[in-house]
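The sequence shown begins at 746 in this note's numbering and counts up one residue at a time. Beta carbons: idealized from backbone N, C-alpha and C, even for Gly. Predicted model only: the values in this text are computed from it and were never measured.
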Amino acid sequence: MQAFGVLLNVKLRAPEDSDLPDSPPASSSERKRAAEAEPVSQPEPEPEAMEVADEESEAKQRKVEAQKEKEAGNAAYKKKQFDTAVQHYSKALELDDEDISFLTNRAAVYLEMGKYEDCIKDCDKAVERGRELRADYKMVARALTRKGTALVKMAKCSADFDPAIETFQKALTEHRNPDTLKKLNEAQKAKKDLEQKEYFDPKLADEEREKGNEFFKQ
């Protein structure tokens, strides 16, 4: 090439890289395919979020198990297997303390067993917990009615009916249930009947009051 240049009296040079034309720009479709070919890295889940999800899943499972225990308790109650029913309701409470029906159901068993003080304790817990959780007012009323029933069972003199009557009245303010109203009327009548007996026989009142005191001491 140089010899040819000499003949033509023209100075020739080899092309340099800078003289080469630029390669044609990639089209938008090519860029899109290239982007799709690259693996998209997914963000790793936050450890804290995973822990929360695990806790929620575990809590849900515990609630399911608690309901199974409640159903087993209901079945035992219908068969009058009261000790077994208490065990199932107690287990349900251990699994889920946000369902006060476990307490009211266990209270019903204690009522049937004649364990009135235990019944009242469970009813008080149900009312307190129910208000904390803003539970259905009907559930709170049920607990109060059950407590009132236990108080009536424990009444030995006319004065003993006062707390039962007051409890039934509280239950009615939560939910005006016909059964609760009936129990209230019966308690008021029983109190009035005893008052008349005590009026004509003061000694009877003292004896019944003493029996009541002995019962509470047991």
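query, result
"Same chain, Cβ closer than 6 Å to D924, five either side skipped, listed in chain order", "none"
"Cβ-based neighbour list, E843, same chain, cut-off 7 Å, excluding 5 preceding and 5 following", "L878"
"Nearest candidate by alpha-carbon position, reference N964, set N850, I865, S802", "Residue 964 falls outside the range modelled here, since the chain spans only 746 to 963, and no answer is possible."
"Exposure of F906, with buried meaning 16 or more beta-carbon neighbours within 10 Å", "buried"
"H833, DSSP secondary structure in three states", "helix"
"Distance, D828 Cα to Y882 Cα", "29 Å"
"Extent of the continuous alpha helix (DSSP H) run through I845", "Careful: I845 lies outside any alpha helix (DSSP H) and carries neither H nor E."
"Cβ shell of E761 (< 7 Å), same chain only, five flanking positions each side left out", "Legend: pLDDT at E761 = 44, less than 50; position of this residue unreliable, no value from coordinates given."
"Limits of the alpha helix (DSSP H) - the one that A880 falls within", "Run containing A880: none; DSSP gives neither H nor E here."
"Reduced DSSP secondary structure (H/G/I, E/B, other) of G818", "helix"
"Outcome for V809 when other beta-carbon atoms lying within 10 angstroms are tallied against a minimum of 16", "exposed"
"Beta-carbon spacing of S903, K948 below 9 Å", "no"
"D946 (DSSP reduced to helix, strand or coil)", "coil"
"Coil, strand or helix - A853 by DSSP", "helix"
"Cβ shell of A837 (< 6 Å), same chain only, five flanking positions each side left out", "A811, E814, K815, F847"
"Alpha-carbon spacing of E862 relative to E803, whole angstroms", "34 Å"
"Between the CA atoms of Q806 and A909 - distance to the nearest angstrom", "39 Å"
"G859 (DSSP reduced to helix, strand or coil)", "coil"
"Residues near A935 by beta carbon distance below 8 Å, same chain, minus five either side", "V897, A900, F906"
"Cα-Cα separation between Y855 and A817, rounded to whole angstroms", "17 Å"
"Under 9 Å between C-beta atoms of D867 and A852", "yes"
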